[in-house]
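Q: Supplied in C-alpha cells, the structure appears directly below.
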Amino acid sequence: MYLGAASCISYQDTFGGENPWSALAEANAESQLIQPDYKEFVSPAMLRRMSSALKMGVAGGKSCLQKSGLKTCDAITVGTGLGCVRDTLRFMKVMYEEAEIGLSPTSFIQSTHNSIAGQIALLLGNHGYNMTHVQAGLSLGYALSDAELLIGEGDAETVLVGAVDEKTEELVELLTKLAATANYDLPVIGEGGAFFLASKEKLVSSVAKVVEVSMVEPTTRDADLVLTNTPSEMQGGFNYTRFSGEHFSSPGFGLYLALKAFEAGVFMADGMLVENLDQILVHHSLFGQELTILLEKV
Amino acid sequence: MEIAVTGIGAISAIGNDVQENLASLLAKKTGIGKAELLSSKLAETHLFGEVKLSNNQLKAGLNWKGDAVSRTTLLCAWAMKEAIEQSGFEMDDQVGLVSSTSVGGMDRSEGFFEPYYTEQDFANVFVLGTHDCGTCTKQAAAHFGITGYATTISTACSSAANAIAMGARLLRQGKLKRVIVGGTDALCRFTANGFNSLMILDTEWCKPFSANRAGLNLGEAAAYLVLESKEEAEARGAEIHGLVTGWANTNDAYHQTASSPDGNGAFMAMSQALEKAGLQSTDIGYINAHGTGTQNNDQSESIAIHRVFGVQKPPISSTKAYTGHTLAAAGAIEAVYSLLALKEQKFLPNLNYQDPIEDNDWKPQLEVESGEINHVLSNSFGFGGNNSTVIFSKA
Numbered sequence: 013m014y015l016g017a018a019s020c021i022s023y024q025d026t027f028g029g030e031n032p033w034s035a036l037a038e039a040n041a042e043s044q045l046i047q048p049d050y051k052e053f054v055s056p057a058m059l060r061r062m063s064s065a066l067k068m069g070v071a072g073g074k075s076c077l078q079k080s081g082l083k084t085c086d087a088i089t090v091g092t093g094l095g096c097v098r099d100t101l102r103f104m105k106v107m108y109e110e111a112e113i114g115l116s117p118t119s120f121i122q123s124t125h126n127s128i129a130g131q132i133a134l135l136l137g138n139h140g141y142n143m144t145h146v147q148a149g150l151s152l153g154y155a156l157s158d159a160e161l162l163i164g165e166g167d168a169e170t171v172l173v174g175a176v177d178e179k180t181e182e183l184v185e186l187l188t189k190l191a192a193t194a195n196y197d198l199p200v201i202g203e204g205g206a207f208f209l210a211s212k213e214k215l216v217s218s219v220a221k222v223v224e225v226s227m228v229e230p231t232t233r234d235a236d237l238v239l240t241n242t243p244s245e246m247q248g249g250f251n252y253t254r255f256s257g258e259h260f261s262s263p264g265f266g267l268y269l270a271l272k273a274f275e276a277g278v279f280m281a282d283g284m285l286v287e288n289l290d291q292i293l294v295h296h297s298l299f300g301q302e303l304t305i306l307l308e309k310v
Numbered sequence: 175m176e177i178a179v180t181g182i183g184a185i186s187a188i189g190n191d192v193q194e195n196l197a198s199l200l201a202k203k204t205g206i207g208k209a210e211l212l213s214s215k216l217a218e219t220h221l222f223g224e225v226k227l228s229n230n231q232l233k234a235g236l237n238w239k240g241d242a243v244s245r246t247t248l249l250c251a252w253a254m255k256e257a258i259e260q261s262g263f264e265m266d267d268q269v270g271l272v273s274s275t276s277v278g279g280m281d282r283s284e285g286f287f288e289p290y291y292t293e294q295d296f297a298n299v300f301v302l303g304t305h306d307c308g309t310c311t312k313q314a315a316a317h318f319g320i321t322g323y324a325t326t327i328s329t330a331c332s333s334a335a336n337a338i339a340m341g342a343r344l345l346r347q348g349k350l351k352r353v354i355v356g357g358t359d360a361l362c363r364f365t366a367n368g369f370n371s372l373m374i375l376d377t378e379w380c381k382p383f384s385a386n387r388a389g390l391n392l393g394e395a396a397a398y399l400v401l402e403s404k405e406e407a408e409a410r411g412a413e414i415h416g417l418v419t420g421w422a423n424t425n426d427a428y429h430q431t432a433s434s435p436d437g438n439g440a441f442m443a444m445s446q447a448l449e450k451a452g453l454q455s456t457d458i459g460y461i462n463a464h465g466t467g468t469q470n471n472d473q474s475e476s477i478a479i480h481r482v483f484g485v486q487k488p489p490i491s492s493t494k495a496y497t498g499h500t501l502a503a504a505g506a507i508e509a510v511y512s513l514l515a516l517k518e519q520k521f522l523p524n525l526n527y528q529d530p531i532e533d534n535d536w537k538p539q540l541e542v543e544s545g546e547i548n549h550v551l552s553n554s555f556g557f558g559g560n561n562s563t564v565i566f567s568k569a
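As C-alpha cells, then:
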C-alpha cells in the first residue's frame, strides 16, 4: 500500500505550508489551530453548525483527495479517539440543564463518531465503504490497517484514510481533573486532523510504501528517522507531539511530517538534520497502546 | 477461504444467553416494556428493551473486579464469554477482537455528568476513564487475555455488521487465526434523549413495516461471534453454526440521519453482499431486515428490498420489536438470530404488524414457520449514511 497526497490541520502551518518543519513552534496550552478557509470546502450554512472535528474532517478529506489528483476514492476510513466531543458535551449539558425536555437534535446528530466520515462521504457524494475506528491512540493505525485489508481483499484500490480529534476547554478541564485522580502527568493537550490517500498501485503522488502498521507490540524496527512521542525511549527520535500537542490523533501529524520528509528528501527540524531517508518510523505510545507505522521511500 | 462461525453469545431484553433469546423468539415474547434500571425521565413515558440483569449481577457472573467499568463493557464481556466458551478454543496471540459500540461507556460516565452539570461536582470524575469506546474494547480484551489486534468500530447502527465483515477480511488475509466480532450498547440517558429529540421514538411498542408505525423503541444488548476458517474449525472438530459468505458496506451519501427515498445505499449494500457471496437474490431464504419502525427507514428499506428482490421476495421480518433497536449491537444480535434461523430452519416473526405499507407487495413474516433456508441476509443501517449487509449461509 502506498501513501502520498496528504492534508493536515494542526498547530503548525501544515495545511498551506510547503515545508511544515521549517518554522515549528512548540505547542502550549494556548496554541491555536492554523485553519484553512473552510468556506472553500463547505457551504457557510453547513459550516455554522459544524464543530472543529467536522470542519477538520471535511476540509482535510476533501483537500487530500484534491491533492491526489483523483476525482473520487473507493473507500473512506477514519480514526478518532474521542470523536465529536464538542457536540457530545453540548448535548449532554443541555440535557441536564433542561431536565431532558425540549432538546434540539442538532448536536446529538453531530455527536456520533461516524459523523466525520459520513460528512466527508456526503460532501464528496461517495457511496463507497465508509468506516470509523475508535481505539484511543491506535485509531489511525486501525484506519490504515482497514485500508490495507480492503486493498488486500481487492475491494478497493484507493482509500482516503484520516484521523481527527478535537479539543475543547471543557475537555481539557475534565482531563486535568481525571489525570489528577490517577496521579498522571498530563501532557500539553492538542488537537488536529490529518488525511492520507492510500493506494494499491504507486500513483504519481505516491511518496512512500507502507511496510508495516502495528498496533500490537512496541517496535524494535530500525529506520533512518524515528518520529515519536516518547523520545526518551527512542534514541535519535524526533518528538513530534511537542509541536502538535498530545491527542489520540497526533500520530496523524507524525505521519504527515514523514511523508513531507520523503517528498523533500530531507528532514530538517528543531536542530535535527536527516538526509538519505529510506525508511521512516512513525511511533506513538499512550496508556500502554503502541502504534508503529514503518514507511519506505518509493 | 470460507469463514465459519464457531461460537455465538448474546444478551438482550429477551434473554441472557442464546438459548433464552431463541426461546423468546419462538414464543413471540417481546422484551420491550417499562425500564427498571435506566435513569431517565423518558423511562416514565417510553418503552425500552432493557436487559434484565443489573450491573452487579453482570459483574458477579463475570467475576469482574473493580468499579471503573461501564454497563456497555459488562454486556460485551457477558456475551463474549458465552461465545468463547461455546467455541472452545485455546486463547493465544492469534486471536483478535473487532468490537463495536455507539457511545461506549456513556452509561457509566452519566454518573459523573449529572452532578457535574447540575452542581459542578467533580467527585466521580474517575469514571470518565471508562467513557471512550476504545476503553470498552480494551477492558473486555484484557478480561479474556486477548493481546493482539483489538479495535472498536463506531458507525452508529451499522457498527456490528461492519465488525463481522472486518473480522472476515482479517481471517481471509491471514492476519489472524481467530477473531471475535460483534457489538455492544447499554441504554443511557444520552442516547434516549438523542432519539427523542429526533422525534423518532414510539411511546408504544414499535411496529416495524406496519403502515401505522410511529418510531422505534431503544434497547440494549451485546452479541459476539467467534470466526475462524472452516478448515481450522473442522480440524479441531468445532461446531459450525454457519458461514459468513457475503458482506458490504456502502454510504447512502444522502443525509446525515435520513435514508434516501430510493434506498440507494441499502440497495447497493444488499447487491454488493450478494455479489461477494456469489449468490442470486433468489438464493436468499430469509431476510432479517433492519426494520426499526421509523417512517423513514422502513419505507426506504422496503424500496431497496424491492429493487434487489423484485416480486420474488423471501420471508422478511424485523426482530426489533423483540429487543428494541440496540444500535451498535443490532447487527450482532441480528447475526445471532440469522444463524438461529439457519440452524432451526425457521422464519422468525415480525411482531406488532398491523397494516401493509401502501406500496409494498409483501407483508412481513408474522408467525414462526419452518421452511428451507440456505442463506440469510441481514441488514444494518445507521446515521451518517452507513448501510451494511451481511449474508450467513449453511455450513
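Those protein sequences? They're chains P and R, same order as listed. Just so we're aligned, residue 13 is where the first sequence starts under my numbering, counting upward by one. Just so we're aligned, residue 175 is where the second sequence starts under my numbering, counting upward by one. Just so it is clear, CB atoms sit at the ideal spot from N, CA and C, and this is done for glycine as well. Being a predicted model, the structure only gives us computed values, none of them experimental.
#1: Hey, is the stretch 210 to 219 of chain R in contact with the stretch 505 to 519 of chain R, meaning 3+ C-beta pairs nearer than 8 Å?
#2: Can you give the Cα-Cα distance for Val301(R) and Lys202(R), rounded to whole angstroms?
#3: Distance check for Leu289(P) and Ala503(R), CA to CA, integer angstroms please.
#4: Look at Pro263(P) and Leu306(P) and say whether their C-beta atoms are less than 8 Å apart.
#5: From this set, Val482(R), Gly459(R), Asp529(R), Ile177(R), which residue's C-alpha is nearest Arg387(R)'s C-alpha?
#6: Return the chain-ordered list of same chain residues with a C-beta closer than 7 Å to the C-beta of Phe286(R), the five sequence neighbours on each side being excluded.
#7: Considering only the alpha carbon of each residue, which of Tyr291(R), Gln260(R), Ser283(R), Leu271(R) lies closest to Glu110(P)?
#8: Hey, Leu215(P) and Gly73(P): beta-carbon distance below 8 Å or not?
#9: Is it true that the stretch 200 to 219 of chain P meets the stretch 166 to 178 of chain P, where meeting means three or more beta-carbon pairs spaced less than 8 Å apart?
#10: By DSSP's criteria, Leu392(R) is part of a beta bridge. Which residues make up the other side?
#11: Our contact map puts Leu551(R) next to Ile461(R) with C-beta atoms below 8 Å; I'd like the distance itself, whole angstroms only.
#12: Which residues mark the beginning and the end of the beta strand (DSSP E) in which Asp570(R) is found?
#13: Pick from Tyr141(P), Ser151(P), Phe27(P): whose alpha carbon is nearest that of Cys85(P)?
#14: For a quick check, are the C-beta atoms of Phe557(R) and Gln446(R) less than 8 Å apart?
#15: Opposite Trp536(R) in the DSSP bridges: which residues?
#16: Examine chain P for any beta-carbon lying closer than 8 Å to the beta-carbon of Val243(R), and answer yes or no.
#17: Considering only C-alpha positions, which residue in the set Tyr398(R), Met265(R), Lys450(R) is nearest to Ala316(R)?
#18: Let me check understanding here. Comparing Cα to Cα, which of Gly279(R), Phe318(R), Gly393(R), Glu218(R) lies closest to Asp267(R)?
#19: If you drop the 5 nearest sequence neighbours on each side, which residues of the same chain put their C-beta closer than 6 Å to that of Asn526(R)?
#20: Leu516(R): which of Glu194(R), His415(R), Thr246(R), Ser273(R) sits nearest, CA to CA?
#21: For Gly249(P), which residues does DSSP report across the bridge?
#22: Interface residues of chain P around Phe557(R) at Cβ under 8 Å?
#23: Taking the straight line between their C-alpha atoms, what separation do you get for Asn561(R) and Ser217(P)?
#24: Val299(R) touches chain P at which residues, Cβ-Cβ below 9 Å?
#25: What are the residues of the stretch 304 to 329 of chain R that lie near chain P, defined by any Cβ-Cβ distance shorter than 9 Å?
#26: Looking at the unbroken alpha helix (DSSP H) that takes in Phe103(P), where does it start and where does it end?
#27: For the 8 Å Cβ check, are there 3 or more pairs between the stretch 441 to 456 of chain R and the stretch 404 to 423 of chain R?
#28: Measure the Cβ-Cβ separation of Thr325(R) and Gln147(P) and say whether it is below 8 Å.
#29: What alpha helix (DSSP H) runs, 4 residues minimum, are completely inside the stretch 279 to 365 of chain R?
#30: Which value, in whole angstroms, describes the spacing of the CA atoms of Ser151(P) and Val90(P)?
#31: Does Met58(P) come within less than 8 Å of chain R when only Cβ atoms are used?
#32: Does any C-beta atom of chain P lie closer than 8 Å to the C-beta of Ala427(R)?
#33: In the structure shown, what three-state DSSP assignment does Asn423(R) receive?
#34: Go to His480(R), then tell me how far its beta strand (DSSP E) extends in each direction, as first and last residue.
#35: Which residues of the stretch 201 to 226 of chain R have a Cβ closer than 9 Å to any Cβ of chain P? Give them in chain order.
#36: Tell me, to the nearest whole angstrom, how far the beta carbon of Ser474(R) is from that of Ile531(R); I am working on the premise that it is less than 8 Å.
A: Put simply:
#1: Under the three-pair Cβ rule at 8 Å, the stretch 210 to 219 of chain R does not count as touching the stretch 505 to 519 of chain R.
#2: On the second sequence, residue 301(R) is found 127 positions in, with the first residue counted as 1. On the second sequence, residue 202(R) is found 28 positions in, with the first residue counted as 1. Their backbone Cα atoms lie some 38 Å apart in a straight line.
#3: What you label residue 503(R) is simply residue 329 of the second sequence in a count that begins at 1. What you label residue 289(P) is simply residue 277 of the first sequence in a count that begins at 1. Taking the straight line joining both Cα atoms gives about 45 Å.
#4: As a first step, residue 263(P) is located in the first sequence; it is residue number 251 there, counting from the start. As a first step, residue 306(P) is located in the first sequence; it is residue number 294 there, counting from the start. No, the Cβ-Cβ distance between Pro263(P) and Leu306(P) is not below 8 Å.
#5: As a first step, residue 387(R) must be located in the second sequence, where it is residue number 213. Nearest C-alpha to Arg387(R): Asp529(R).
#6: Taking the second sequence and counting its residues from 1, one reaches residue 286(R) at position 112. For Phe286(R), where only same-chain residues beyond five positions count, the Cβ hits under 7 Å are Asn298, Val299, Val301, Leu302.
#7: By one-based count along the first sequence, residue 110(P) stands at place 98. Taking only the C-alpha atoms, the option nearest Glu110(P) is Tyr291(R).
#8: Mapped onto the first sequence, residue 215(P) falls at position 203. Mapped onto the first sequence, residue 73(P) falls at position 61. Their beta carbons are not under 8 Å apart, which means Leu215(P) does not touch Gly73(P) by this criterion.
#9: Cβ pair count under 8 Å is three or more, so yes.
#10: Taking the first residue of the second sequence as 1, we reach residue 392(R) at position 218. In DSSP, Leu392(R) forms a bridge with Phe222(R), His499(R).
#11: On the second sequence, residue 551(R) is found 377 positions in, with the first residue counted as 1. On the second sequence, residue 461(R) is found 287 positions in, with the first residue counted as 1. So it is a contact: roughly 5 Å between Cβ atoms.
#12: Since the first residue shown for chain R is 175 and the last is 569, residue 570(R) is missing from the structure and cannot be characterised.
#13: For the purposes of this step, residue 85(P) is taken as residue 73 along the first sequence, with counting starting at 1. Nearest C-alpha to Cys85(P): Tyr141(P).
#14: What you label residue 557(R) is simply residue 383 of the second sequence in a count that begins at 1. What you label residue 446(R) is simply residue 272 of the second sequence in a count that begins at 1. Cβ atoms of Phe557(R) and Gln446(R): not closer than 8 Å.
#15: By 1-based counting over the second sequence, the position of residue 536(R) is 362. Trp536(R) pairs with nothing; no bridge assigned.
#16: By one-based count along the second sequence, residue 243(R) stands at place 69. No - not a single Cβ of chain P is within 8 Å of the one on Val243(R).
#17: Working through the second sequence from its first residue, we reach residue 316(R) at position 142. For the residues Tyr398(R), Met265(R), Lys450(R), the minimum Cα distance to Ala316(R) belongs to Met265(R).
#18: Stepping through the second sequence from its first residue, residue 267(R) is reached at position 93. Of Gly279(R), Phe318(R), Gly393(R), Glu218(R), the residue nearest in Cα terms is Phe318(R).
#19: Your numbering for residue 526(R) matches position 352 in the second sequence. Excluding the 5 residues flanking it on each side, Asn526(R) has same chain C-beta neighbours closer than 6 Å at Trp379, Lys381, Ala495, in chain order.
#20: Position 342 of the second sequence, counting from 1, holds the residue named residue 516(R). Out of Glu194(R), His415(R), Thr246(R), Ser273(R), His415(R) has the C-alpha closest to the C-alpha of Leu516(R).
#21: In the first sequence, the residue the question calls residue 249(P) occupies position 237. Answer is Val238(P), bridged to Gly249(P).
#22: As a first step, residue 557(R) must be located in the second sequence, where it is residue number 383. Per Cβ cutoff of 8 Å: Ile121, Thr124, Asn126, Ser127, Gly130.
#23: Start at 1 with the first residue of the second sequence, and residue 561(R) comes out as number 387. Start at 1 with the first residue of the first sequence, and residue 217(P) comes out as number 205. For Asn561(R) and Ser217(P), the distance between alpha carbons rounds to 31 Å.
#24: Translated into positions along the second sequence, residue 299(R) becomes position 125. Residues of chain P passing the Cβ test: Leu186, Lys189, Leu190, Ala192, Thr193.
#25: His305, Asp306, Cys307, Gly308, Thr309, Thr311, Lys312, Thr321, Gly322, Tyr323, Ala324, Thr325, Thr326, Ile327, Ser328, Thr329
#26: Within the first sequence, residue 103(P) is the residue found at index 91, counting from 1. Run containing Phe103(P): 97 to 109, per the alpha helix (DSSP H) assignment.
#27: yes
#28: Residue numbering aside, residue 325(R) sits at position 151 when the second sequence is read from its first letter. Residue numbering aside, residue 147(P) sits at position 135 when the first sequence is read from its first letter. Yes, the Cβ-Cβ distance between Thr325(R) and Gln147(P) is below 8 Å.
#29: 280 to 293, 307 to 317, 333 to 346
#30: As a first step, residue 151(P) must be located in the first sequence, where it is residue number 139. As a first step, residue 90(P) must be located in the first sequence, where it is residue number 78. Spanning the two alpha carbons is a distance of roughly 8 Å.
#31: If you number the first sequence from 1, residue 58(P) lands on position 46. By this cut-off, Met58(P) is not an interface position.
#32: On the second sequence, residue 427(R) is found 253 positions in, with the first residue counted as 1. At least one chain P Cβ lies under 8 Å of Ala427(R).
#33: By one-based count along the second sequence, residue 423(R) stands at place 249. In this structure, Asn423(R) counts as strand in the three-state DSSP scheme.
#34: Working through the second sequence from its first residue, we reach residue 480(R) at position 306. Not the beta strand (DSSP E): His480(R) falls in the alpha helix (DSSP H), residues 469 to 483.
#35: Ser214, Lys215, Leu216
#36: Here residue 474(R) is taken as the residue at index 300 of the second sequence, counted from 1. Here residue 531(R) is taken as the residue at index 357 of the second sequence, counted from 1. No, Ser474(R) and Ile531(R) are not in contact; Cβ-Cβ is about 11 Å, not under 8 Å.
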